[in-house]
Amino acid sequence: MEDEMLMEILKEMQKKYQCFNEIERITKDIGDALSRNDRALVQILLGMRQEEIDQAEMSERNIHLLLSFITTDEATQAMNWIKGNKENIPENPIIKKLVEKGTSIQMLVQRTIELDRHISMRLAGKDSFYQTLP
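Going by the numbering used here, the first residue of the sequence shown is number 312, and it counts up by one from there.
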């Protein structure tokens with residue numbers, strides 16, 4: 312796989328990381344606004360968070376588009392790196408950065424889900440979306 316393609320994927324992953332970083336921050340702000348019972352601010356923040364989610368989805372689509380230009384085996388391997396899978400990493404600094412960024416994104420997503428779960432459970436209790444999940 313060419314380094315140029317890996318760099319383009321890494322650029323999109325960086326954009327996705329920045330979006331999720333912002334999603335996490337906004338989710339924290341939503342929790343704070345709910346604690347103050349500031350419904351107007353919550354609505355504004357929810358809109359801002361949705362914009363970031365949409366941008367993260369666009370980066371994800373761009374990554375998949377880039378992967379469509381390489382062989383299936385290469386795309387499968389690249390997806391493993393993107394997901395932060397640390398097995399069989401070649402001695403390539405770009406690939407190592409892909410794995411690091413993938414791991415960072417996974418951790419950000421998990422933290423954000425936990426924040427959102429806490430907010431949802433606090434607001435909705437047994438009627439929370441998360442109550443139906445394992």
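Each residue gets a CB set at the ideal place from its N, CA and C atoms; glycine is no exception.
Source: prediction; values computed, not measured.
Distance from the Cα of T338 is smallest, within the candidate group D438, R428, E313 and N391, for R428. For R433, the uninterrupted alpha helix (DSSP H) segment begins and ends at P404 to A435. Taking 8 Å as the cut-off, the beta carbon of I416 is found no closer than this to the beta carbon of M318. Judged by DSSP secondary structure, T338 falls within the alpha helix (DSSP H) whose first and last residues are D314 to S346.
Each of E411, D384 and Q421 was checked against the Cα of W392, and the nearest Cα belongs to E411. By the C-beta criterion, the stretch 324-335 is judged to be in contact with the stretch 363-374, since at least 3 inter-stretch pairs fall below 8 Å. The alpha-carbon of D340 is positioned some 29 Å away from that of L321. In this structure, L434 lies away from E335, with their beta-carbon atoms at least 8 Å apart.
Straight through space, the alpha carbons of S346 and M432 are spaced by roughly 13 Å. For I400, the CB contacts under 8 Å within the same chain, skipping 5 residues up- and downstream, are W392, I406, K407 and V410 in chain order.
Annotated three-state conformation of G358 is helix, per DSSP.
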